[in-house]
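Asks: Can you keep this structure in mind? I'll have questions shortly.
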Amino acid sequence: MKQNDYYSSIHRLGRWSTLAGIALMFMVPMVTTIVYDVKLNVPVIIAAAVQLCIVFIPTQLTEVISFSPILGAGGTYLSFITGNVMNMKLPAAAAGHRLMNVEPHSDEGEVVSVLAIGMSSITTTIIIFAGMFIFTPFIHYLSNPVLQPGFSSVMPALLGTMLLPHLRRNFPLAVTPLIISTAAGVIFASTYGQVQGYLLLFTMIISVIAAIAISSRAAK
10 MKQNDYYSSI
20 HRLGRWSTLA
30 GIALMFMVPM
40 VTTIVYDVKL
50 NVPVIIAAAV
60 QLCIVFIPTQ
70 LTEVISFSPI
80 LGAGGTYLSF
90 ITGNVMNMKL
100 PAAAAGHRLM
110 NVEPHSDEGE
120 VVSVLAIGMS
130 SITTTIIIFA
140 GMFIFTPFIH
150 YLSNPVLQPG
160 FSSVMPALLG
170 TMLLPHLRRN
180 FPLAVTPLII
190 STAAGVIFAS
200 TYGQVQGYLL
210 LFTMIISVIA
220 AIAISSRAAK
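If you read the sequence shown in our numbering, its first letter stands for residue 10, the second for the next number, and so on.
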């Protein structure tokens, strides 16, 4: 299959899969509403939806823009359909690129991303079903206060393992977004969840400017 044919099929399959996923997600509340004859308060629903959209639309747009170069075309569709992109799919793709020693934006990186994210999705699904049918009796052990600090540190641990190779490879370039994001997290600690989309976009712009400046200085 030629490269153009591959990407055309990926985009065609990704668009239809995304539309099918959105339709299936909307079917759950629609069927529940019809079966149980739930009366909907449309103005309240719209008001709640608008508030959520104000927070999440900028975040999702910036995530697509910032994550797509790492995830690749197929990985982007697969990640945003299956969800949990930052915690699972992005680390899986980054780890796959690092282990296979390929660049994320290359054809090889595209294949590695799809395979890594696909296996991550399958593994997540298996774990969810295992938790539902096998580990339910042990749930109260996992809620033990002694174990809670470990669960709350999962995301920093994942992001730290992704960051370290970039710091070792190009410290001046990688440290710029790290400083900006750390400072933003401290300054906007109380409202970070509401402004993270805008902060991510701002960090991306400043990081690109810093990368251009560092590259220009190195060229001289």
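Backbone N, C-alpha and C define an ideal beta-carbon position, used for all residues, glycine too.
Closest by CA to I90, which one among Q157, V204, W25 and Y15?
Replies: Comparing alpha-carbon positions, the option among Q157, V204, W25 and Y15 lying closest to I90 turns out to be W25.
Asks: Could you check whether P186 and T212 sit closer than 7 Å to each other, using their CB atoms as the reference points?
Replies: Yes.
Asks: CB-CB under 8 Å to V47, same chain, minus the five flanking residues each way: which ones, in chain order?
Replies: T41
Asks: State the Cα-Cα distance for the pair G118 and A104, rounded to the nearest angstrom.
Replies: 11 Å
Asks: If I measure Cβ to Cβ from A101 and keep anything under 6 Å in the same chain, skipping five residues before and after, which residues do I get?
Replies: A125, I126 and S129
Asks: Thinking L209 and T27 are a contact (beta carbons under 8 Å), I'd like their distance in whole angstroms, please.
Replies: With 8 Å as the limit, L209 and T27 do not qualify as a contact, their Cβ atoms being about 22 Å apart.
Asks: State the DSSP-derived secondary structure class of V47, mapped to helix, strand or coil.
Replies: Residue state for V47 is assigned as coil, using DSSP reduced to three classes.
Asks: Cutting at 7 Å between CB atoms, please list the residues of its own chain near V204, excluding the five before and the five after it.
Replies: F197
Asks: Relative to the alpha-carbon of G84, which residue among V123, M109, L61 and G92 has its alpha-carbon at the smallest distance?
Replies: V123
Asks: Give me the Cα-Cα distance between I80 and L108, rounded to the nearest whole angstrom.
Replies: First, the amino acid is wrong: residue 80 is Leu here, not Ile. Their backbone Cα atoms lie some 15 Å apart in a straight line.
Asks: Locate the alpha helix (DSSP H) running through S130, then write down its first and last residues.
Replies: D116 to F142
Asks: Could you check if Y86 is buried or exposed, using at least 16 other CB atoms within 10 Å of its CB as the buried criterion?
Replies: buried
Asks: In or out: S88 buried (at least 16 other Cβ within 10 Å) or exposed?
Replies: By the 10 Å Cβ count, S88 comes out buried.
Asks: Given this structure, state the Cα-to-Cα distance separating S18 from D116, to the nearest angstrom.
Replies: The C-alpha of D116 is placed about 15 Å away from the C-alpha of S18.
Asks: When we look at the beta-carbon of L99 and count the other beta-carbons within 10 Å, is it buried (16 or more) or exposed?
Replies: buried
Asks: Three-state secondary structure (DSSP) at F147?
Replies: It is helical.
Asks: Is it true that the CB of L173 sits closer than 7 Å to the CB of A183?
Replies: No, the Cβ-Cβ distance between A183 and L173 is not below 7 Å.
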